[in-house]
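Peer 1: Okay, here's the structure, questions in a sec.
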Amino acid sequence: MRLLALLHGLGQTPQSWQDQVTAMPAGFKAVAPWLRGLRPGRAQEFSVEGAADDVLALLNQHGVEQMSLVGVSLGAMVALDAAIRSPETVSHLVLAAGQVNPPKSVMRMQRLVFSMVPAKRLASMGVEKRRFLQALDQAATIDYRSRLGQVTARTLVVVGADDKANLTAARDLAAGIPGARLEVIPGVGHQPNVEDPAAFNALVWPFLADEA
521 MRLLALLHGL GQTPQSWQDQ VTAMPAGFKA VAPWLRGLRP GRAQEFSVEG
571 AADDVLALLN QHGVEQMSLV GVSLGAMVAL DAAIRSPETV SHLVLAAGQV
621 NPPKSVMRMQ RLVFSMVPAK RLASMGVEKR RFLQALDQAA TIDYRSRLGQ
671 VTARTLVVVG ADDKANLTAA RDLAAGIPGA RLEVIPGVGH QPNVEDPAAF
721 NALVWPFLAD EA
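Numbering (the numbering used here) for the sequence shown: 521 to 732.
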(Lines of atoms letter the chains of each structure in order from A and count residues from 1; the text may use other names and numbers.)
(Lines give C-alpha, C1' and ligand atoms only; values in the text may rest on other atoms or scores of the structure.)
Protein backbone atom coordinates (compact mmCIF):
# COMPACT_ATOMS: atom_id res chain seq x y z
CA MET A 1 0.00 0.00 0.00
CA ARG A 2 1.50 3.33 -1.11
CA LEU A 3 0.98 6.42 1.03
CA LEU A 4 -0.42 9.44 -0.80
CA ALA A 5 -0.89 12.89 0.75
CA LEU A 6 -3.40 15.24 -0.90
CA LEU A 7 -2.69 18.86 0.05
CA HIS A 8 -5.48 21.38 -0.40
CA GLY A 9 -5.16 24.94 -1.63
CA LEU A 10 -5.93 28.22 0.06
CA GLY A 11 -9.69 28.59 0.16
CA GLN A 12 -10.11 24.82 -0.09
CA THR A 13 -10.51 22.18 2.61
CA PRO A 14 -9.52 18.49 2.78
CA GLN A 15 -12.99 17.72 1.39
CA SER A 16 -11.92 19.40 -1.86
CA TRP A 17 -10.23 16.09 -2.75
CA GLN A 18 -13.45 14.06 -2.66
CA ASP A 19 -13.50 13.52 -6.43
CA GLN A 20 -9.94 12.21 -6.34
CA VAL A 21 -10.43 9.88 -3.38
CA THR A 22 -13.56 8.30 -4.87
CA ALA A 23 -11.66 7.61 -8.11
CA MET A 24 -8.51 6.33 -6.40
CA PRO A 25 -7.23 3.04 -7.82
CA ALA A 26 -6.26 0.12 -5.63
CA GLY A 27 -2.86 0.14 -3.99
CA PHE A 28 -2.97 3.63 -2.48
CA LYS A 29 -3.68 4.85 1.02
CA ALA A 30 -4.74 8.49 0.77
CA VAL A 31 -4.62 11.08 3.54
CA ALA A 32 -5.92 14.62 3.08
CA PRO A 33 -4.83 16.67 6.09
CA TRP A 34 -5.61 20.24 6.96
CA LEU A 35 -2.59 22.43 6.32
CA ARG A 36 -1.24 23.68 9.63
CA GLY A 37 -2.67 27.07 10.52
CA LEU A 38 -5.66 26.86 8.18
CA ARG A 39 -7.97 24.59 10.14
CA PRO A 40 -10.72 26.70 11.74
CA GLY A 41 -10.58 26.84 15.51
CA ARG A 42 -6.95 25.77 15.84
CA ALA A 43 -4.52 28.23 17.46
CA GLN A 44 -1.74 27.81 14.91
CA GLU A 45 -0.14 30.14 12.41
CA PHE A 46 0.52 29.07 8.84
CA SER A 47 3.95 28.72 7.32
CA VAL A 48 4.96 26.75 4.25
CA GLU A 49 7.83 25.13 6.16
CA GLY A 50 5.66 24.23 9.14
CA ALA A 51 2.99 22.70 6.94
CA ALA A 52 5.67 20.74 5.06
CA ASP A 53 7.04 19.46 8.38
CA ASP A 54 3.59 18.10 9.20
CA VAL A 55 3.42 16.38 5.81
CA LEU A 56 6.82 14.75 6.30
CA ALA A 57 5.73 13.59 9.76
CA LEU A 58 3.11 11.42 8.03
CA LEU A 59 5.92 9.02 7.12
CA ASN A 60 6.54 8.07 10.74
CA GLN A 61 2.84 8.11 11.57
CA HIS A 62 2.14 5.54 8.86
CA GLY A 63 5.38 3.58 9.20
CA VAL A 64 6.65 4.12 5.66
CA GLU A 65 9.85 5.49 4.15
CA GLN A 66 8.40 7.11 1.02
CA MET A 67 5.17 8.71 -0.13
CA SER A 68 3.62 10.54 -3.06
CA LEU A 69 2.48 14.15 -2.77
CA VAL A 70 -0.27 15.91 -4.71
CA GLY A 71 -0.80 19.59 -3.98
CA VAL A 72 -2.89 22.33 -5.51
CA SER A 73 -2.09 26.05 -5.22
CA LEU A 74 -0.80 26.64 -1.67
CA GLY A 75 -0.72 22.87 -1.18
CA ALA A 76 1.59 22.61 -4.19
CA MET A 77 4.00 25.03 -2.51
CA VAL A 78 3.94 22.89 0.63
CA ALA A 79 4.49 19.71 -1.40
CA LEU A 80 7.39 21.33 -3.24
CA ASP A 81 8.98 22.45 0.01
CA ALA A 82 8.77 18.91 1.40
CA ALA A 83 10.22 17.41 -1.79
CA ILE A 84 13.13 19.86 -1.73
CA ARG A 85 13.99 19.41 1.94
CA SER A 86 13.51 15.64 2.08
CA PRO A 87 13.98 14.38 -1.49
CA GLU A 88 14.63 10.78 -0.51
CA THR A 89 11.15 10.44 1.03
CA VAL A 90 9.05 11.68 -1.92
CA SER A 91 8.70 9.26 -4.84
CA HIS A 92 6.08 11.08 -6.93
CA LEU A 93 5.17 14.77 -6.91
CA VAL A 94 2.17 16.44 -8.53
CA LEU A 95 2.18 20.24 -8.48
CA ALA A 96 -1.11 21.77 -9.62
CA ALA A 97 -1.55 25.55 -9.95
CA GLY A 98 1.68 26.01 -8.01
CA GLN A 99 4.15 28.85 -7.76
CA VAL A 100 7.92 29.27 -7.64
CA ASN A 101 8.25 32.96 -6.81
CA PRO A 102 4.83 34.64 -6.85
CA PRO A 103 4.80 38.03 -8.61
CA LYS A 104 4.54 40.69 -5.93
CA SER A 105 2.04 42.75 -7.92
CA VAL A 106 -0.27 39.75 -8.29
CA MET A 107 -0.04 38.90 -4.60
CA ARG A 108 -0.78 42.49 -3.59
CA MET A 109 -3.83 42.53 -5.82
CA GLN A 110 -5.04 39.18 -4.45
CA ARG A 111 -4.66 40.43 -0.90
CA LEU A 112 -6.57 43.60 -1.68
CA VAL A 113 -9.40 41.65 -3.26
CA PHE A 114 -9.68 39.09 -0.47
CA SER A 115 -9.38 41.71 2.26
CA MET A 116 -12.71 43.06 0.99
CA VAL A 117 -14.44 39.66 1.02
CA PRO A 118 -16.79 39.40 4.01
CA ALA A 119 -15.52 37.06 6.71
CA LYS A 120 -18.85 35.22 6.66
CA ARG A 121 -18.39 34.34 3.01
CA LEU A 122 -14.99 32.79 3.66
CA ALA A 123 -16.36 31.06 6.76
CA SER A 124 -19.02 29.42 4.58
CA MET A 125 -16.11 27.82 2.70
CA GLY A 126 -14.60 26.55 5.96
CA VAL A 127 -11.92 29.26 6.05
CA GLU A 128 -11.20 31.94 8.65
CA LYS A 129 -10.47 35.30 7.02
CA ARG A 130 -7.55 36.19 9.31
CA ARG A 131 -5.84 32.87 8.63
CA PHE A 132 -6.54 33.17 4.92
CA LEU A 133 -4.86 36.58 4.67
CA GLN A 134 -1.94 35.50 6.86
CA ALA A 135 -1.31 32.48 4.64
CA LEU A 136 -1.53 34.68 1.56
CA ASP A 137 1.10 37.00 3.03
CA GLN A 138 3.39 34.10 3.87
CA ALA A 139 3.03 32.52 0.44
CA ALA A 140 4.03 35.83 -1.14
CA THR A 141 7.53 35.49 0.35
CA ILE A 142 8.54 32.15 -1.16
CA ASP A 143 11.25 31.81 -3.78
CA TYR A 144 12.25 28.30 -4.87
CA ARG A 145 13.92 29.26 -8.15
CA SER A 146 17.43 28.28 -7.04
CA ARG A 147 16.29 25.04 -5.35
CA LEU A 148 14.18 23.29 -7.98
CA GLY A 149 17.14 21.16 -9.05
CA GLN A 150 17.13 19.51 -5.61
CA VAL A 151 13.88 17.69 -6.35
CA THR A 152 14.48 14.03 -7.18
CA ALA A 153 10.86 12.83 -7.22
CA ARG A 154 9.16 12.00 -10.49
CA THR A 155 7.22 15.20 -11.07
CA LEU A 156 4.05 16.15 -12.92
CA VAL A 157 3.20 19.84 -13.20
CA VAL A 158 -0.47 20.60 -13.91
CA VAL A 159 -2.04 23.97 -14.68
CA GLY A 160 -5.36 25.15 -16.05
CA ALA A 161 -5.21 26.96 -19.38
CA ASP A 162 -7.33 29.74 -17.88
CA ASP A 163 -5.10 30.12 -14.80
CA LYS A 164 -3.20 33.01 -16.38
CA ALA A 165 -1.45 34.04 -13.16
CA ASN A 166 0.19 30.62 -12.85
CA LEU A 167 1.00 29.56 -16.41
CA THR A 168 4.48 31.06 -16.30
CA ALA A 169 5.15 29.49 -12.92
CA ALA A 170 4.06 26.08 -14.25
CA ARG A 171 6.52 26.37 -17.10
CA ASP A 172 9.26 27.45 -14.68
CA LEU A 173 8.54 24.47 -12.42
CA ALA A 174 8.63 22.03 -15.33
CA ALA A 175 11.84 23.54 -16.67
CA GLY A 176 13.60 23.69 -13.31
CA ILE A 177 12.73 20.29 -11.85
CA PRO A 178 14.77 17.50 -13.47
CA GLY A 179 12.61 15.32 -15.71
CA ALA A 180 9.36 17.09 -14.85
CA ARG A 181 6.41 16.90 -17.23
CA LEU A 182 3.98 19.76 -17.85
CA GLU A 183 0.28 19.25 -18.62
CA VAL A 184 -2.14 22.10 -19.35
CA ILE A 185 -5.86 21.35 -18.91
CA PRO A 186 -8.08 23.30 -21.35
CA GLY A 187 -10.99 25.31 -19.98
CA VAL A 188 -9.81 25.11 -16.39
CA GLY A 189 -8.74 27.80 -13.96
CA HIS A 190 -6.95 27.74 -10.62
CA GLN A 191 -8.58 24.65 -9.05
CA PRO A 192 -8.23 21.81 -11.57
CA ASN A 193 -9.00 19.11 -8.99
CA VAL A 194 -12.42 20.69 -8.40
CA GLU A 195 -13.21 22.36 -11.74
CA ASP A 196 -12.56 19.32 -13.94
CA PRO A 197 -11.89 16.32 -11.72
CA ALA A 198 -12.22 13.85 -14.59
CA ALA A 199 -9.46 15.53 -16.61
CA PHE A 200 -7.33 15.99 -13.50
CA ASN A 201 -7.72 12.37 -12.45
CA ALA A 202 -6.94 11.15 -15.97
CA LEU A 203 -3.53 12.81 -15.68
CA VAL A 204 -2.73 12.20 -12.04
CA TRP A 205 -3.68 8.60 -11.36
CA PRO A 206 -1.73 6.99 -14.24
CA PHE A 207 1.26 9.14 -13.32
CA LEU A 208 1.15 8.07 -9.68
CA ALA A 209 0.60 4.42 -10.56
CA ASP A 210 3.65 4.30 -12.83
CA GLU A 211 6.61 3.03 -10.82
CA ALA A 212 8.93 2.53 -13.81
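Beta carbons: idealized from backbone N, C-alpha and C, even for Gly.
1) In terms of residue numbering, what span does the alpha helix (DSSP H) encompassing A579 cover?
2) Do L613 and L656 have their beta-carbon atoms positioned less than 9 angstroms apart in this structure?
3) Considering only residues of the same chain and omitting the five flanking positions on each side of V590, which have a CB-CB separation below 6 angstroms?
4) Let me check one thing: in DSSP terms, what residues is E703 bridge-paired to?
5) If you draw a straight line from the C-alpha of S593 to the C-alpha of E585, how long is it?
6) So is R665 buried or exposed if we call it buried at 16+ other beta carbons inside 10 Å?
7) Please return the same chain residues whose Cβ sits closer than 7 angstroms to the Cβ of E565, not counting the five positions on each side in sequence.
8) Since A722 and Q619 are thought to touch, with beta carbons under 8 angstroms apart, how far apart are those beta carbons, to the nearest angstrom?
9) Report yes if the C-beta distance between V704 and A616 is below 9 angstroms; otherwise report no.
10) Taking the beta carbon of N580 as the centre, do at least 16 other beta carbons fall within 10 Å, making it buried, or is it exposed?
11) How is R691 classed by DSSP in three states: helix, strand or coil?
Peer 2: From the atom records:
1) Per the sequence shown, residue 579 should be read as Leu rather than Ala. Counting along the chain, the alpha helix (DSSP H) containing L579 begins and ends at V568 to H582.
2) no
3) L526 and V614
4) V678
5) The C-alpha of E585 is placed about 26 angstroms away from the C-alpha of S593.
6) exposed
7) G557 and Q654
8) Actually they do not touch by this definition, with Cβ atoms about 24 angstroms apart.
9) no
10) exposed
11) helix
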